[in-house]
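Q: In my numbering, the protein residues as written are 93 to 394. For glycine and all other residues, C-beta sits at the position ideal for the given N, C-alpha and C. Note that the structure is a prediction, hence the values are computed from the model and not measured.
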């Protein structure tokens, strides 16, 4: 039979498209389970009972619309949970209450509309949280505060129109933040102050028209900043620090090639990606010219 467990095995993998119930009888030696690309729609609260050593659970690309609140109680040592590409519109408040060792949590490609603070209350070791490609419209203030170990947070391709002040509160260890492909039109001036360890910040493909003065000033370790394809006319940058130049993508914006922008780029000397698509929209004498070339020219009077 397809997907029948082997005694004493440590890994169980099943990608049988017709599978509709979670396999039972897995040996207690199992460390990793992958049940992916199946017709699975529900899980029983006891699905993982008898797997006390389970460390990884991969359930991507199934048809799960709900999860039982007690699902993870039998697997307290779980480190990796991947629920990519299911139909989850919500999760029980206490779903992760017994999952204090979780390090990687992937909820990408579901139908989540709101974040519940209760989900993140008991995950002090979580390092990687992927919430991309859901239907999130806001990030409640301090919702991630307990995640003191979090290194990477992916909120790309949701429906975020703004970021609440304090949305990133508590994320002192965060190194990578992905907000690409939302509908962000504005950002609060202190948006990134709670995350001073950020090294990579992705804001491309939003609707940003302006950046608050000094918004990136707390980010002394920033190495990559992507602002491509927004509606920006003026630029803000993190402080210049010793070490490698900032990798900066500001292509696809209607830049105003006036002294503030030209002088900032000369002073900061970032490595510009996609320079050919980084063009002046104004003033008229520079329209259509590359921002980099104009900023390097000696005759701008800046």
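1. Decide if the stretch 346–358 is in contact with the stretch 382–389; the criterion is three or more beta carbon pairs, one per stretch, under 8 Å apart.
2. Let's see if you can read the secondary structure: which residues bound the alpha helix (DSSP H) around residue 388?
3. Taking DSSP as the reference, what is the three-state secondary structure of residue 106?
4. If contact is defined by three or more beta carbon pairs under 8 Å, each pair taking one atom from either stretch, is the stretch 324–333 in contact with the stretch 265–280?
5. Among 126, 345 and 378, which has the Cα closest to the Cα of residue 351?
6. Per DSSP, what kind of secondary structure is residue 293 in: helix, strand or coil?
7. Can you tell me where the beta strand (DSSP E) holding residue 269 begins and where it ends?
8. Take residue 211 and list the residues in its own chain whose beta-carbon comes closer than 8 Å to its own, dropping the five residues that flank it on each side.
9. Is residue 354 helix, strand or coil by DSSP?
10. Is it the case that the Cβ atoms of residue 345 and residue 323 are separated by a distance below 8 Å?
11. Quick one: residues in its chain with C-beta nearer than 7 Å to the C-beta of residue 225, no 5 flanking neighbours on either side, listed in chain order?
12. Below 8 Å on the Cβ atoms is my guess for residue 120 versus residue 140; work out the distance and round it to an integer in Å.
13. So is residue 273 buried or exposed if we call it buried at 16+ other beta carbons inside 10 Å?
A: According to the data block:
1. yes
2. As a position in the chain shown, residue 388 is number 296, starting the count at 1. Here the alpha helix (DSSP H) through residue 388 covers 383–388.
3. The residue labelled residue 106 in the question sits at position 14 within the chain shown. The answer is strand: DSSP assigns residue 106 an E or B state.
4. no
5. To locate residue 351, count along the chain shown from 1; it is residue 259. Nearest of 126, 345 and 378 to residue 351, Cα basis: 378.
6. For the purposes of this step, residue 293 is taken as the residue at position 201 of the chain shown. Here residue 293 sits in strand by DSSP.
7. Within the chain shown, residue 269 is the residue found at index 177, counting from 1. Start and end: 268–270.
8. Locating residue 211 in the chain shown gives position 119, counting from the first residue. Here the set comprises 183, 185, 187 and 188.
9. Numbered from 1 along the chain shown, position 262 holds the residue referred to as residue 354. Helix.
10. Position 253 of the chain shown, counted from the first residue, corresponds to residue 345. Position 231 of the chain shown, counted from the first residue, corresponds to residue 323. A contact, by the Cβ cut-off of 8 Å.
11. The residue labelled residue 225 in the question sits at position 133 within the chain shown. Taken in chain order, the residues that qualify are 200, 201 and 249.
12. Numbered from 1 along the chain shown, position 28 holds the residue referred to as residue 120. Numbered from 1 along the chain shown, position 48 holds the residue referred to as residue 140. 11 Å between Cβ atoms; not a contact.
13. What you label residue 273 is simply residue 181 of the chain shown in a count that begins at 1. Burial call: buried.
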